[in-house]
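Residue numbers (our numbering): 89 to 268.
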């Protein structure tokens, strides 16, 4: 039966996809605990998966059982690559936290895969999206105040499609976003 405990270590894709989901959740409903969770996830991603010498992220953790070869996957398949998703998430988290260590890791990843992106852009869509976000970071709009006022502002701002805009709504009395 299911014990409620994980049986295997999570892979890069698990961390990257969960981090992106946490960032979406923060925009739907901001909670400081969710931001702290996103930061924890990002820190774990850098600690356990990043290739600090060559850039990019390994598919398996540094403490994973010994493999003949540890892969780093940049190409998208049926799902976006873990490297592309990680780079996107780290760049978005930089906007929220001001922590440039996340941006630096994302840029090392992009530098590693840039030649492949130039040659086969269609196979590296998630990395190309991350590159676009690196060159023109998303804007952050923080709305604070009474729920009825912030809801009206959010609705007005979201009328046009603005993919490069991150919106966080802080309820009255909520401390602001962390300062870098």
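For glycine and all other residues, C-beta sits at the position ideal for the given N, C-alpha and C.
**OP:** Alpha carbon to alpha carbon, how far is residue 181 from residue 187? Give it in angstroms, no decimals.
**Re:** Counting only the Cα atoms, residue 181 lies some 8 Å from residue 187.
Original post:
Touch check for the stretch 187-201 and the stretch 226-243: three-plus C-beta pairs under 8 Å?
Top reply: Counting Cβ pairs under 8 Å, fewer than three are found: no touch.
Original post:
So, helix, strand or coil for residue 214, using DSSP?
Top reply: If DSSP states are grouped into helix, strand and coil, residue 214 belongs with the helices.
Original post:
Residue range of the alpha helix (DSSP H) that residue 169 falls in?
Top reply: Neither: residue 169 is in no alpha helix (DSSP H) and is coded neither H nor E.
**OP:** Count the C-beta pairs between the stretch 168-178 and the stretch 101-111 that are closer than 8 Å, then say yes if the count reaches three, no if not.
**Re:** Verdict: yes, contact present.
Original post:
Tell me which same chain residues have a C-beta within less than 6 Å of the C-beta of residue 160, skipping the five on either side of it?
Top reply: So the list reads 144 and 146, once near-sequence residues are dropped.
Subject >> Within 7 Å, strictly: CB atoms of residue 172 and residue 130 >> reply: For residue 172 and residue 130, no; Cβs fall outside 7 Å.
**OP:** Pull up the distance between the alpha-carbon of residue 152 and that of residue 246, whole angstroms please.
**Re:** Distance between the alpha carbons of residue 152 and residue 246 is about 43 Å.
Original post:
Closest by CA to residue 235, which one among 118, 259 and 158?
Top reply: Comparing Cα positions, the closest option is 259.
Subject >> Where residue 181 falls: helix, strand or coil (DSSP) >> reply: DSSP places residue 181 in the helix class (H, G or I) of the three-state scheme.
Original post:
Would you report the Cα separation of residue 119 and residue 126, rounded to the nearest angstrom?
Top reply: Those two C-alpha atoms are separated by around 11 Å.
Original post:
Does the separation of the CB atoms of residue 134 and residue 122 fall below 7 Å?
Top reply: Their beta carbons are not under 7 Å apart, which means residue 134 does not touch residue 122 by this criterion.
Subject >> residue 145, DSSP secondary structure in three states >> reply: Looking at residue 145 - three-state DSSP - the assignment turns out to be strand.
Subject >> residue 263 beta carbon less than 7 Å from that of residue 214 >> reply: Against a cut-off of 7 Å, the Cβ pair of residue 263 and residue 214 comes out as no contact.
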